[in-house]
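Have a look at the structure below before the remarks.
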Amino acid sequence: MDFYRRRVKRILPASLLVIAVTVIAARFLFAAQRWHATVWDAVFSALFSANWRFMVIGSDYFQADGPVSPLRHYWSLAVEEQYYFIWPWVMLAVLLLTRKLSAKATTSMKPVVLTITGITVASFAWALFATSTNPGAAYYDTFSRVWELGIGAILAFAVPWLEKLPHRLRPVAANLGLLGIVASVFLISPDSGFPAPVGLIPVLATALVIAAGCGGEQKFLKPLTNRASQHLGDISFSLYLWHFPVVIFLGAFLEADLFYYVLAGLLMLVLAHYSFRLVEDPIRNSRWLSKAEKRPHTERRRSMRTFVRSALGLAMCLTVLVGATGARLAIFPMASPSSGSTIESSSAGKGFPVDGPESRKIQAELQAAVGATEWPTFSPSLEEIIAKDPYPDGVHACGDAGEHPADQCTWGPKDAKKHAVLVGDSISMRWATPLIKLYSENGWNIRVLGRYGCPFNLYPIAKPAEEGKACDDRKAEAVRVIQEMSPDIVFIGNTHFPERMSTTGKVATAEDWGAGMTAILSKIPNAKKKVLLSPPPIDKDPRQCYSPVQGPQACLGGVSQLWVDISAADRKSVEAVPGGVYVDTRELYCTQDGMCPEFAGNIPIKQDGTHMTMYYGYHIQPALKEMLAKRGLG
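Heads up, the sequence shown is in our numbering, so the first residue is -5 and it goes up one at a time.
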């Protein structure tokens, strides 16, 4: 039990401190919906199960499409503690079983080593499979990570042999390992297959460094054996705990420029250093949970003086850093896309045409929003919309899996002479708001066949089996309905956010996207018009940028190069088929100089990074009608 007692003293106080500070800071810096999510993240983090939460809610570590939790890094601490909670008992069970089955008592560790090796190999095999089928979940999966810790356990049993390595080989092994660790930073990418197989690079490289040190301190490994590195090693746990909240919270105030990175690095080091001196190290060496004798009075006084000096040092450092941040914001406020912000605003995303009077009204509202310094009064509030933006009656269920009877997802007169079909992913479900009203009230019959998370495109998307089948079924149903109906118009609405492909494991390129769009359009030649409506540009996410302490400039986004590239592929594909029409909708969301605010008038435009709110759908209906009529789609 001494092992667990030491783990509790070493891990629990510091980790709970960071969780508490993070939750308190989030209360003041985040919108209500994001703060509530952070509280739940904190609960799971405190219970060492954060990896399971992030796996269940579908948080892709490499491709975050929403607000990033300031506690997301606790996933790795959760995996580590789950390992330490179960592993010793597994080893003890193996030893007891071996002794019971053996004819004579034995203390041989061979069965334990064989068990560890078997579990490690099985875990790596599972990691290979999970990475190829669902890399987002594999990243957080406990058993996909056990092999990394298992290699460390095997290394521990190999110490007696490692100590016999020739001294001439040790510096070579250590430096090769260090080189492998550095190289992994550049070699590992979201598409390279992580945690397996490329996770082997940093794991084996680290094992080499550890193995080289089993025979004593290395004289030729100065990058790791100098005093600065040793101090970083001392405070490494506190540094790990603080680094991610610092990155996320500073991002609420600062653009990711040189000042941001320098300030973040300094703040991490300051918090880690003083957290180690004030919390981690004193509690680890205290009498709490141990039978150590009471320290002499003089030693307690000396410790108190050290504590007070450290607390004063922390206060002084934080005052300087906060003052520097305030001065930076006073002189250089958060930049907008037109003044060098980090939003990737392509020149191709600017200067688009405006269709008519109604669109010019929208443009005037957008331009006013770009210059606004305060948020308008929204009803309902932006926080309420972020938490839950409603759909018109009956629309939301039409985007769920499974087949839906025509009468449940069709609007307009049953005896209508003109028919339209709406297909695509969640973006199409947002277009349903203005399109249903616009067409059903003008004598059309419009059927909604969208599906959340399922773009109307035939590039091979890598999805979990059940989700992938539901997506394929919906696309097949949509194609079948269109072939049977021969509608006057098929409206297509997809997000411009390509996913990983099942064939390569890599994120689809614009060329892959265009090929998939061409393929699916070829299946619906009987539709008289195929109208592809571009989605809102993917830019600032109000769930992340909206804050009680920030004005609307914090949510001022731009048109990304990704959006431009996918739009170009869409346009090329749809305009190559008979009756194909591409509708560039940027004029509804962005000004002609490429700036995209979060509101127009007093109407919030988007609920998240790309989905239009229902309220804005109704607001832009006159402009959308004007745009479609200009293209002969009335």
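All C-beta atoms in this analysis are idealised placements derived from N, C-alpha and C, irrespective of residue type, glycine included.
Please read all numbers here as calculations on a predicted model, not as lab measurements.
Of all alpha-carbon atoms in 363, 417, 378, 626, the one lying nearest the alpha-carbon of residue 389 is that of 417. Assignment of residue 451 by DSSP, reduced to helix, strand and coil, places it in the coil class. Taking a C-beta distance under 8 Å as the contact criterion, residue 178 and residue 195 qualify as a contact pair.
Contact annotation: residue 605 and residue 373 have beta-carbon atoms that are not nearer than 8 Å. Residue 9 and residue -3 have their C-alpha atoms spaced approximately 18 Å apart. Following the DSSP letters along the chain, one finds residue 439 inside the beta strand (DSSP E) bounded by residues 438 to 442. When the beta-carbon positions are compared, residue 627 and residue 475 stay at least 8 Å from each other. Between the C-alpha atoms of residue 108 and residue 164 there is a straight-line separation of about 27 Å.
Of all C-beta pairs linking the region 493 to 510 to the region 466 to 485, fewer than three are shorter than 8 Å, placing the two stretches out of contact. Here DSSP, grouped into helix, strand and coil, assigns residue 593 to strand. In the structure shown, the three-state DSSP call for residue 540 is coil. The C-alpha of residue 379 lies about 6 Å from the C-alpha of residue 601. With 16 or more neighbouring CB atoms inside 10 Å of its own CB, residue 242 falls in the buried class. For residue 80, no beta strand (DSSP E) segment is defined; the enclosing uninterrupted segment is the alpha helix (DSSP H) at 68 to 95.
By the neighbour-count criterion, in which a residue is buried when 16 or more other Cβ atoms sit within 10 angstroms of its Cβ, residue 197 is buried. Bridge pairing for residue 525: 485, 575 [DSSP].
DSSP assignment within the region 182 to 243 yields the following whole alpha helix (DSSP H) runs of 4 residues or more, N-terminal first: 194 to 206, 216 to 219, 221 to 228.
Taken through DSSP and simplified to helix, strand or coil, residue 498 comes out as coil. When the beta-carbon positions are compared, residue 428 and residue 614 come within less than 8 Å of each other. Boundaries of the beta strand (DSSP E) harbouring residue 418: 412 to 418, taken from the DSSP string.
Using a Cβ distance threshold of 8 Å, residue 168 and residue 202 count as a contacting pair.
Contact between residue 132 and residue 121 holds, since their C-beta atoms are separated by about 6 Å, short of 8 Å.
Note that the region 87 to 94 does not touch the region 66 to 77; fewer than 3 beta-carbon pairs, one per stretch, sit closer than 8 Å.
Distances from the CA of residue 50 to each of 200, 135, 40 were compared; the closest alpha carbon is that of 135. Residue 508 carries a helical assignment under DSSP once its states are collapsed to helix, strand and coil. In this chain, the alpha helix (DSSP H) harbouring residue 126 covers 104 to 127. Residue burial is scored here from C-beta neighbours: residue 598 has at least 16 other C-beta atoms within 10 angstroms and is therefore classed as buried.
Residue 518 sits away from residue 554, with the two beta carbons spaced by 8 Å or more.
For residue 270, no alpha helix (DSSP H) encloses it, and the DSSP letter there is neither H nor E. With a beta-carbon spacing of about 14 Å, residue 272 and residue 231 fall beyond the 8 Å limit used to define contacts.
Residue 270 counts as buried, since at least 16 other C-beta atoms from the protein chains shown sit within 10 angstroms of its C-beta.
Within the same chain, and ignoring the five residues on either side of residue 32 in sequence, the residues whose Cβ sits closer than 8 Å to its Cβ are 16, 17, 20, 24, 63, 64, 65. Counting every other CB atom within 10 Å of its CB across the protein chains shown gives residue 611 a total of 16 or more, marking it as buried.
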